[in-house]
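For reference, the structure discussed in these notes is given below.
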Amino acid sequence: MLLSERMRAVVGLVQPCKSIADIGCDHGYVAMELVRSNICRHVIAMDINRGPLDRAKRNIIDYDMQDYIEIRLSDGVRELKAGEAEGMICAGMGGKLIISILEQGKELVEEMKQVILQPQSELDEVRGYLRENGLMIEREDMIYEDGKYYPMIRAIPGAFGRLERQIGGNLEQMCRRSGVHVNGIPAYRQPFDISEISMGEVQRLTRVQDTYGSCLLGMAHPILRKYLLWQKENYGNIRQNLMSQKQITARQQQRIEELDEKLSDIVFCLYYYFK
């Protein structure tokens, strides 16, 4: 099977289980690798388009896996029944579509043990949705392949309570490791009390978690560092071009301020690689 590094990383996030649903299965390679590696006994491979499903069916038959992988034509999780899958995978699609699928299958997702997501865009919105809906991000990974960066997430549904503790713990860790000061003293040099952190700082910490991933930052992921430096250079170049204009419009000034915020967040994140 020709499985890309990105797809192998997605497979690597899946916890062993009896059954899992692969939403947007494409050629079925992820489903087949999950069975081949004995990670999942049964996979329900689902796609909205008949073409990918037909290709997946041929691949599954070629590898004699038809007893372990079931294919279904489905718009999101519409054809998935309650209790059929212990988890789900949504990989290789836009973040807004992933959010729509999670929202569509909210009752199904709440009963699952794991959700594996690999958004191609709007990653901050996906993380924000997970945070607001009680799905705790347990593990993250990031791959650089063919000139693109691919972050991915494993989240645990039904984590209200644990989620609040995770956010508080992440904020403490981020304060201690990223140079935040409380009353002029670095947070990592004093007992942590989130009530003493300004609301603006808490908002930034939350924004940074949603944008770049607390798990990736916590492990100082090397691919994330590469991504941060790449973004820093891009944003810096855009800002420089705007500042070079003879007259700066109100819209351009607003854009400069947005870039300054983004650049400040990136510098904030880069502290993780020097502690």
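Heads up: the sequence shown is residues 1 to 275, going by the numbering used here.
C-beta: ideal position from N, C-alpha, C; glycine also.
Environment of residue i [buried if 16+ CB atoms lie within 10 Å]
| i | result |
| --- | --- |
| ILE153 | buried |
| LEU2 | exposed |
| LYS226 | exposed |
| SER214 | buried |
| VAL267 | exposed |
| PRO222 | exposed |
| LEU229 | exposed |
| GLY87 | buried |
| GLY51 | exposed |
| ASP54 | exposed |
| GLN254 | exposed |
| ILE185 | The pLDDT assigned to ILE185 is 46, lower than 50, so where the model puts this residue is not dependable, and the model offers no usable value. |
| GLU132 | exposed |
| GLU140 | buried |
| PRO191 | Summary for PRO191: the model assigns pLDDT 48, below 50, so the residue's position carries little reliability, and this model does not support an answer. |
Close-in-space but distant-in-sequence residues of the same chain around residue i (CB under 6 Å, 5 per side omitted)
| i | result |
| --- | --- |
| ALA91 | VAL10 and GLN118 |
| SER74 | MET46 |
| ARG6 | ILE143, GLU145 and TYR150 |
| ASP124 | ASP210 and THR211 |
| ILE48 | ASP75 |
| PRO16 | ILE39 |
| ILE60 | GLY28, GLN66 and ILE69 |
| VAL202 | none |
| ASP265 | VAL208 |
Whole-angstrom distance between residue j and residue i, CA atom to CA atom
| i | j | result |
| --- | --- | --- |
| THR249 | TYR235 | 18 Å |
| GLY218 | LYS246 | 42 Å |
| MET136 | SER244 | 44 Å |
| ALA21 | LEU263 | 39 Å |
| ALA26 | GLY200 | The amino acid occupying residue 26 in the given sequence is Asp; Ala does not appear at that position. Rounded to whole angstroms, ASP26 to GLY200 spans 43 Å at the Cα level. |
| MET65 | LEU130 | 33 Å |
| ALA82 | ILE44 | 13 Å |
| GLU122 | GLY94 | 7 Å |
| LEU270 | GLU261 | 14 Å |
| SER19 | ARG41 | 6 Å |
| ILE71 | ALA56 | 8 Å |
| VAL14 | GLN252 | 44 Å |
| ASN241 | GLN231 | 15 Å |
| PHE274 | ALA220 | 9 Å |
| GLU258 | GLU107 | 37 Å |
| GLU103 | ARG8 | 26 Å |
| LYS96 | ARG127 | 11 Å |
| ILE256 | ILE99 | 30 Å |
| ALA155 | GLY105 | 15 Å |
| TYR272 | GLU79 | 43 Å |
| LYS113 | GLU84 | 12 Å |
| LEU224 | LYS148 | 12 Å |
| GLU233 | GLN120 | 21 Å |
| ASP62 | ILE116 | 27 Å |
Boundaries (first-last residue) of the alpha helix (DSSP H) holding residue i
| i | result |
| --- | --- |
| GLU261 | 250-270 |
| LEU2 | Where LEU2 is concerned, there is no enclosing alpha helix (DSSP H), given that its DSSP letter is neither H nor E. |
| VAL126 | 123-132 |
| GLU110 | 106-110 |
| ALA56 | 50-62 |
Residue range of the unbroken beta strand (DSSP E) whose run includes residue i
| i | result |
| --- | --- |
| MET93 | 87-93 |
| ALA31 | Not the beta strand (DSSP E): ALA31 falls in the alpha helix (DSSP H), residues 29-36. |
| LEU117 | 114-119 |
| LEU217 | LEU217 -> not in any beta strand (DSSP E); alpha helix (DSSP H) instead, spanning 214-218. |
| GLU84 | Careful: GLU84 lies outside any beta strand (DSSP E) and carries neither H nor E. |
| ASP141 | 136-145 |
| MET152 | 148-156 |
Which residues DSSP lists as bridging residue i, in chain order
| i | result |
| --- | --- |
| TYR235 | Paired residue(s): none; TYR235 is not in a bridge. |
| HIS42 | SER19 |
| LEU73 | ASP47 |
Close-in-space but distant-in-sequence residues of the same chain around residue i (CB under 7 Å, 5 per side omitted)
| i | result |
| --- | --- |
| GLY158 | GLU110 and GLY134 |
| ILE101 | ILE23, GLY76, VAL77 and CYS90 |
| VAL35 | VAL43, MET65, TYR68 and ILE69 |
| ALA31 | ASP22, CYS25, VAL43, ALA45 and ILE69 |
Neighbourhood of residue i by C-beta distance below 8 Å, restricted to the same chain and skipping five residues each side
| i | result |
| --- | --- |
| SER37 | VAL11 |
| ARG239 | ILE256, LEU259, ASP260 and LEU263 |
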